[in-house]
Amino acid sequence: MKVRTRYAPSPTGRMHVGNLRTALYEYLIAKHENGEFILRIEDTDQERFVEGAVDIIYRTIEKTGLIHDEGPDKDKGFGPYIQSERQKAGIYLKYAKELIDKKEAYYCFCTKERLESLKCTVEGSEEGKEITKYDKHCLHLSKEEIEANLAAGIPYTIRQNIPQEGTTSFTDAVYGTITVENSELDDMILIKSDGFPTYNFANVVDDHLMQITHVVRGNEYLSSTPKYTRLYHAFGWEEPVYIHCPLITNEEHQKLSKRSGHSSFEDLIEKGFVPEAIINFIALLGWSPESDQEIFSLKELEEQFDYRRINKSPAVFDMTKLRWMNGEYIKAMEKEKYYEYALPYIQKVITKEYDLKLIADLVQTRIETFEDIAEKIDFFEQLPEYDCSMYTHKKMKTNSESSLEVLKELLPKLEELSDYSIAGIEQTIMTYIHDRGIKNGQGLWPVRTAVSGKQSTPGGAYEIMNILGKEESLYRIRKGIEMLSNNV
RNA sequence: GGCUCAUUGGUCAAGCGGUCAAGACGUCGCCCUCUCACGGCGAAAACAGCGGUUCGAUUCCGCUAUGAGCUGCCA
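FYI, numbering that gives the first Met the number 0 numbers position 431 of the first sequence as 430, with every residue one higher than the one before it.
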């Protein structure tokens, strides 16, 4: 049977990395087996629906390359692929009623108030935590009562009927077989009073109808999976392979969520991360290959991904390592692609007529995200205020006096220089250094300091002077001489 | 509180009864070097605890501890 996986996001905003990883794994499981990857929009929660969120989903899929084979825009006969449309078509109600006929579900007319009264606070635990277990009140309604309520238009939900005895087991591909007491399971709502199915119910119905073979989701669903199992059994449907992924947590080991405002894919992109690096990084959060390879293209992941190697324990989303990996991608980038990424970030800082590509070249091996660029190149735009003490460097064996000397002696030679290329500048300065018999550092440290005004710079003196051009770099050197003269 | 799951260095992780317990990020040191990077080399750093099972446990079982998730007409 052909492997079919689905990514079923609910359009409630940006995609956080946990969701994205689920999508990635679903995609990889399908592609590894030459199967199909399906996109389904789970918009059953009318209240949380966010305008434009569906576009974000499409955009993210596009950018990450997790291209779906079927979806709202690619109907291959399993549509509609949007749950609100399926709801309108009456799909869920039909199946819910089938369960009612089988006594596996029942109408519930309980009011919010009555449900509220069922709540009890948990003693001994942190403030005000409440739990509800439905008391099956409406299960015992007579046929006549139900008919009457329905006829009277009393709002209702449909609940799953779970017996109080026995146990339910299911097998997960990563966590193994899990068994729970039925008495622990609540009669969950299948159809809400607004007529929409709950996520859980819609999932089971749609996954079956769309012939999904592998259900991948976060392990926060592990606890509710027995309810799914009961649903599948009640319908007489075959269960899919369950693949629950370990949670991705923040540095505090708390679940990463949209609500907590933690990094969404789009946030990361805005911060100067590249999609390939993000994908690569999250693939390795909760999964490891057989080899110790760490840098993977999507294609390589497709080839090597084996869901049997997914981890059980939660993983911390380590921004530091992501940054490193992003840096690796930046370093490995083709020049043209790199410029395309880098130029906007450079233009934010540089307005002067410099060769921006040269500046870009300087920082390619020195940044981890594109946001890092700004503070590394700002001195090109404007010479920062700096102190004379910067000319003193123990290791370089320089101080204010020696620096002043070097700059003074070098200035006329540079003024005469017509070939202001890197090679030309290098030749002039190196000749001087040799003639004077001083160390490279003694000659170059003062120059680099003067033209940049910074302790550290991307590139060396030659490169910087070349980019600044003769006029500007000589101006900066004169300024350095002036400063030093006043100081010495 | 109940249930479920998890526990290898700070972090990601390999390991699937016998290893001096991989590798990566980060940290630190050295080399390269006009600075910062890059690159190269090296170091420190871990099996939560206690009981079993076994000739032998990081690996299997139990208990404890810790953490997390679920316990919604959210997903």
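Backbone N, C-alpha and C fix where the C-beta goes; we use that ideal spot for every residue, glycine too.
**Study point:** DSSP state of P225 mapped onto helix, strand, coil
**Key:** helix
Check your understanding: Does the region 342-360 come close enough to the region 283-296 to have 3 or more Cβ pairs within less than 8 Å?
Key -> no
Practice item. Check whether the Cβ atoms of A529 and N202 sit closer than 9 Å, and answer yes or no. Key: This structure does not reach residue 529, given that the chain is present from 0 up to 487, and the question cannot be answered.
Exercise for review: Check the DSSP bridge columns for H232 and list the partner residues they point to.
Suggested key: Looking at the DSSP assignment, H232 forms no beta bridge with any residue, so it has no partner.
Point to revise | Sequence-distant residues of the same chain with beta carbon closer than 7 Å to N279, five excluded per side | key: I294, F295, M324
**Study point:** Identified DSSP bridge partners for F169
**Key:** I177
Exercise for review: Use the C-beta contact count for K30: other C-beta atoms within 10 angstroms, 16 or more gives buried, fewer gives exposed.
Suggested key: buried
Point to revise | Nearest-angstrom Cα separation, counted from G235 out to D305 | key: 29 Å
Exercise for review: Within 10 angstroms of the Cβ of V215, are there 16 or more other Cβ atoms? Answer buried if so, exposed if not.
Suggested key: buried
Check your understanding: By Cβ distance, which residues of its chain are closer than 7 Å to K135, with the 5 residues on each side in sequence left out?
Key -> D186
Point to revise | Cβ pair count under 8 Å reaching 3, the region 147-154 against the region 92-104 | key: no
**Study point:** Nearest-angstrom Cα separation, counted from D68 out to I349
**Key:** 43 Å
Check your understanding: Can you tell which of E408, I190, A172, T170 has its C-alpha closest to the C-alpha of I157?
Key -> I190
Check your understanding: How would you call K87, buried or exposed, if buried means at least 16 neighbouring beta carbons within 10 angstroms?
Key -> exposed
Exercise for review: For C137, count neighbouring C-beta atoms within 10 Å of its own C-beta (all shown protein chains included) and say buried if the count is 16 or more, exposed if not.
Suggested key: buried
Practice item. May I have the straight-line CA-CA distance separating F391 from S399, to the nearest angstrom? Key: The sequence given here has Thr at residue 391, not Phe. In a straight line, the C-alpha of T391 is about 6 Å away from that of S399.
**Study point:** Any beta strand (DSSP E) of 3 or more consecutive residues that is wholly inside the region 292-333
**Key:** none
Practice item. Compute the distance between the beta-carbons of A172 and I247, then report whether it is under 9 Å. Key: no
Check your understanding: Where DSSP assigns a beta bridge to I37, which residues make up the other side?
Key -> R5, E69
Practice item. Count the other CB atoms, across all protein chains shown, that sit within 10 Å of the CB of G165; report buried if there are 16 or more and exposed otherwise. Key: exposed
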